[in-house]
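> The numbering of the sequence shown is the working numbering, which starts it at 98 and goes up by one.
Built from N, CA and C at the ideal position, the CB exists for glycine as well.
Predicted, not measured: the structure shown is a model, and the values here were computed from it.
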Amino acid sequence: MKETIILLSGLLCDRSLWRHQLEYLSQDYDLRVADFSKGDSITAFADSVLEMAPETFSLAGLSMGGYVAFELLRRVPERIHRLALLDTSPYADQLEHSEFRHSLMTMAKDHGLDEVMQTLLPRLIHSSRCEDEELVKTIDAMAHRIGVDSFIDQQTALLNRRDSFADLVSISCPTVVLVGRQDSMTPVKIAKEMANQIPNSSLVEIENCGHLSTMEQPEAVSALLRYWMQN
98 MKETIILLSG LLCDRSLWRH QLEYLSQDYD LRVADFSKGD SITAFADSVL
148 EMAPETFSLA GLSMGGYVAF ELLRRVPERI HRLALLDTSP YADQLEHSEF
198 RHSLMTMAKD HGLDEVMQTL LPRLIHSSRC EDEELVKTID AMAHRIGVDS
248 FIDQQTALLN RRDSFADLVS ISCPTVVLVG RQDSMTPVKI AKEMANQIPN
298 SSLVEIENCG HLSTMEQPEA VSALLRYWMQ N
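(1) Ignoring anything shorter than 4 residues, give me the alpha helix (DSSP H) runs that lie fully in the segment 191-251, in order along the chain.
(2) Excluding the 5 residues flanking S299 on each side, which residues of the same chain have their C-beta closer than 6 Å to its C-beta?
(3) Have a look at the DSSP bridge pairing and note the partners of D137.
(4) Any chance you could list the alpha helix (DSSP H) runs of at least 4 consecutive residues sitting entirely within the segment 294-318, in chain order?
(5) Could you pull the start and end residues of the beta strand (DSSP E) that V165 belongs to?
(6) Could you check where the beta strand (DSSP E) with E100 kicks off and where it finishes?
(7) Does the beta-carbon of E290, which I'm using as the reference point, lie nearer than 7 Å to any heavy atom of the ligand NAD?
(8) For R185 and S224, I'd like the C-alpha separation in whole angstroms.
(9) Please name the residue in R179, Q252 and F167 whose C-alpha comes closest to that of L201.
(10) To the nearest whole angstrom, what separates the beta carbons of I102 and Y126, a pair I think is in contact under 8 Å?
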């Protein structure tokens, strides 16, 4: 029987975030993408993961998906075989981040997601990829599939999430912390702080890569995830 990896997506992301990983790893692993389009709390998202999860499983969470992973680790640590934390943070929002989220929520309500994506895109990907029409189009389409209502709910969940830094020392499963070296949303400094706190963890920095590492450097991330599962 194949080992299960549950893929936990970020804000405004769906299974397209993991397209390359699904193609590259599905022959050897049972890959399941969690759906965070319903619910307005991290606990609700974690509930939805447990509804689809087998008895034991591994987790790969990017950004918001990492916050859901922390909640699952608090609840069912004995069921989690391995953990991959991609471009994420253990911290609750600081005031400036909360204010930015509220401004995006207002923007989405008043003008829809086009303006939101114009604001977010330079923060999401490496500056050299902003002219990559295929990548930009894929990210934009993914966001619009999630839609305004779910975006508001996801931002509400992120605003109200708990701080998980103190929980890191309790993580006992083999863990890899991955970060795009040019990630401006959850920078390398935060990834290093996580890796330093988590026992039995390793840190990997992906060069020429922003926040959406699975899409920006898909081959490198897929190869890393295979290595993580095998070693």
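On the basis of the coordinates in this document:
(1) 192-208 and 210-221
(2) V273
(3) For D137, which the question treats as bridged, DSSP gives no partner whatsoever.
(4) 310-313
(5) That residue, V165, is in no beta strand (DSSP E); its alpha helix (DSSP H) goes M161 to R172.
(6) E100 to L105
(7) Only the bare structure without any ligand can be found here, which leaves the ligand NAD out of the picture.
(8) Before going further, note that residue 185 is Thr rather than Arg in the sequence given. Their Cα atoms are separated by approximately 19 Å.
(9) Q252
(10) 5 Å
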